[in-house]
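K.L.:
In full-length UniProt numbering, the protein residues as written are 1 to 331.
No residue lacks a Cβ here, since even glycine has one placed at the ideal position from N, Cα and C.
Written out as structure tokens, the structure is:
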């Protein structure tokens with residue numbers, strides 16, 4: 001956008017955001033690319049030791065949002081405050097509080113893991129014994145101590161990703177931003193990355209984690225913002241978000257015999273809200289399915305249905321996303 005100045009850059013240099021105790025405060029963030037509104041009024045906060053997930057499909061506005069949070073691109077409207085300081089592309093001080101791990105690898109393939117970390121540590125102003133000690137700590141955290149002297153070009157995709165995360169951690173930032181860090185890695189490396197992220201929040205670091213993998217958000221994040229079409233559709237803990245769907249479970253009974261009679265018997269049972277039947281299947285909408293399923297199975301059998309299979313489905317973040325947007329998370 002040429003000489004466009006962001007809203008943050010237009011603020012006086014000494015101005016800080018509200019002293020809320022939050023590491024990151026994002027308010028009213030908007031960004032357009034021509035006619036495309038990529039981010040439209042995004043608000044969220046992250047506290048110390050909290051992992052906040054931006055969960056949404058590709059193209060939802062996740063990467064554009066974190067690019068503004070990190071001060072890489074200007075916002076058309078809204079503000080980003082990091083550690084009490086207003087962020088913008090021309091602001092240096094707030095960027096010192098951020099560790100950014102982008103989707104694209106930012107490592108030197110000809111250098112070893114230790115050399116990569118040492119180089120980037122020096123760029124952060126870490127020197128001498130402090131640098132040596134910090135590199136050793138990070139190598140241990142990302143599980144690359146045994147491969148520290150090997151050129152990173154020989155690493156697997158997962159190992160390169162872990163090294164990328166290590167580079168973002170060197171200067172012990174207040175906020176670590178991870179943009180889809182497990183895309184394209186093998187399951188073992190993926191699990192190792194997730195374990196590393198879990199350890200970071202336990203040490204008090206604030207983490208902003210973007211993903212389109214529902215299971216990652218459920219495992220890692222204290223709070224989740226579901227983002228689609230550049231807008232936060234809903235925000236909260238996993239349990240708070242699931243309550244948006246009504247919080248009901250599904251039980252599917254398959255079998256033979258008197259399915260119609262079984263359907264009638266189950267409609268009057270406690271916790272059963274709805275029963276749909278066809279020739280060989282009953283589909284029940286139930287509150288607290290794990291505690292209700294034994295009585296339901298007994299009731300169906302007593303009514304003359306011979307069961308061959310029982311399946312319980314509990315709502316998850318995929319269900320929430322479908323409920324909020326009318327489409328599957330990975331559409």
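(1) In this structure, what does DSSP give as the bridge partners for residue 307?
(2) Given 8 Å as the limit, is there contact between the region 220-235 and the region 37-54, that is, 3 or more CB pairs closer than that?
(3) Please state if the CB of residue 242 and the CB of residue 181 are separated by a distance shorter than 8 Å.
(4) Which of the three DSSP states, helix, strand or coil, is assigned to residue 324?
(5) If we count Cβ pairs, one from each stretch, closer than 8 Å, do we get three or more for the region 64-77 versus the region 185-202?
(6) According to DSSP, simplified to helix, strand and coil, what is residue 136?
(7) Return the first residue and the last residue of the alpha helix (DSSP H) that residue 232 is part of.
(8) Going by Cα to Cα distance, which pick from 35, 144, 237, 41 is closest to residue 27?
(9) Less than 8 Å between the beta carbons of residue 220 and residue 167, yes or no?
(10) Mind checking whether residue 98 and residue 170 have CB atoms under 8 Å apart?
(11) Less than 8 Å between the CB atoms is what I'm expecting for residue 208 and residue 46, so what's the real figure, rounded?
(12) Under 8 Å, with one C-beta from each stretch per pair, do the region 315-325 and the region 231-248 reach the 3-pair mark?
(13) Taking Cβ positions, are residue 158 and residue 185 nearer each other than 8 Å?
(14) Taking the alpha-carbon positions, what's the residue 293 to residue 310 distance?
(15) Are the CB atoms of residue 177 and residue 44 within a distance shorter than 8 Å?
(16) Taking 8 Å as the limit between beta carbons, can you name the residues of its chain near residue 107, skipping five residues before and five after?
(17) Indicate whether the contact test is met: 3 or more Cβ pairs, each with one atom in the region 55-67 and one in the region 77-97, closer than 8 Å.
(18) Taking a contact to mean a Cβ-Cβ separation below 8 Å, would you say residue 282 touches residue 317 in this structure?
(19) Buried or exposed for residue 291, going by 16 or more other Cβ atoms inside 10 Å?
(20) DSSP puts residue 250 in a beta bridge; with which residues?
(21) For residue 114, count neighbouring Cβ atoms within 10 angstroms of its own Cβ and tell me buried if that reaches 16, exposed if not.
(22) Our contact map puts residue 303 next to residue 261 with C-beta atoms below 8 Å; I'd like the distance itself, whole angstroms only.
(23) Between 183, 297, 204, which lies nearest to residue 105 when the distance is taken from Cα to Cα?
(24) When burial is assigned at 16 or more other CB atoms within 10 Å of the CB, is residue 288 buried or exposed?
(25) Report the residue ranges of all beta strand (DSSP E) runs contained in full by the region 117-203; include only those spanning at least 3 residues, in chain order.
(26) My understanding is that residue 179 touches residue 101, with C-beta atoms under 8 Å, so please give their C-beta distance in whole angstroms.
(27) Could you check what DSSP says for residue 73 in three-state terms: helix, strand or coil?
(28) Taking only the alpha-carbon atoms, compute the straight-line gap between residue 215 and residue 119 and give it to the nearest angstrom.
(29) Determine the DSSP secondary structure at residue 104, reduced to helix, strand or coil.
(30) For residue 52, list the residues DSSP reports as bridge partners.
(31) Helix, strand or coil, according to DSSP, for residue 78 in the structure here?
P.N.:
Concretely, from the data shown:
(1) Paired residue(s): 255.
(2) The region 220-235 is in contact with the region 37-54.
(3) Not a contact, by the Cβ cut-off of 8 Å.
(4) If DSSP states are grouped into helix, strand and coil, residue 324 belongs with the helices.
(5) Flag = no, the region 64-77 and the region 185-202 do not touch.
(6) Here residue 136 sits in helix by DSSP.
(7) For residue 232, there is no enclosing alpha helix (DSSP H); the enclosing beta strand (DSSP E) covers residues 231-236.
(8) Comparing Cα-Cα distances from residue 27 to each of 35, 144, 237, 41, the minimum goes to 41.
(9) In this structure, residue 220 lies away from residue 167, with their beta-carbon atoms at least 8 Å apart.
(10) Against a cut-off of 8 Å, the Cβ pair of residue 170 and residue 98 comes out as no contact.
(11) With a contact defined as Cβ atoms closer than 8 Å, residue 208 and residue 46 qualify at about 6 Å.
(12) Output reads yes: the region 231-248 touches the region 315-325.
(13) Cβ distance < 8 Å, so residue 158 and residue 185 count as in contact.
(14) The alpha-carbon atoms of residue 293 and residue 310 are separated by roughly 9 Å.
(15) Contact: no.
(16) If we look at residue 107 and ignore the five residues flanking it on each side, its Cβ neighbours are 116, 152, 160, 163, 164, 167.
(17) The region 55-67 vs the region 77-97: no contact.
(18) Cβ atoms of residue 282 and residue 317: not closer than 8 Å.
(19) Classification for residue 291: exposed.
(20) 285, 313, per the DSSP bridge assignment.
(21) It counts as buried.
(22) Right, the Cβ-Cβ distance comes to about 4 Å (below 8 Å), so this counts as a contact.
(23) Distances from the CA of residue 105 to each of 183, 297, 204 were compared; the closest alpha carbon is that of 183.
(24) Exposed.
(25) Inside the region 117-203, DSSP marks whole beta strand (DSSP E) runs of 3 or more residues at positions 175-179, from first to last along the chain.
(26) For a cut-off of 8 Å, the C-beta gap from residue 179 to residue 101 is around 7 Å, short enough to register as a contact.
(27) Looking at residue 73 - three-state DSSP - the assignment turns out to be coil, as it is neither helix nor strand.
(28) In this structure, the alpha-carbon of residue 215 lies about 35 Å from that of residue 119.
(29) Reduced to three states, the DSSP call for residue 104 is coil.
(30) Looking at the DSSP output, residue 52 bridges to 208, 223.
(31) Per DSSP, reduced to three states, the secondary structure at residue 78 is strand.
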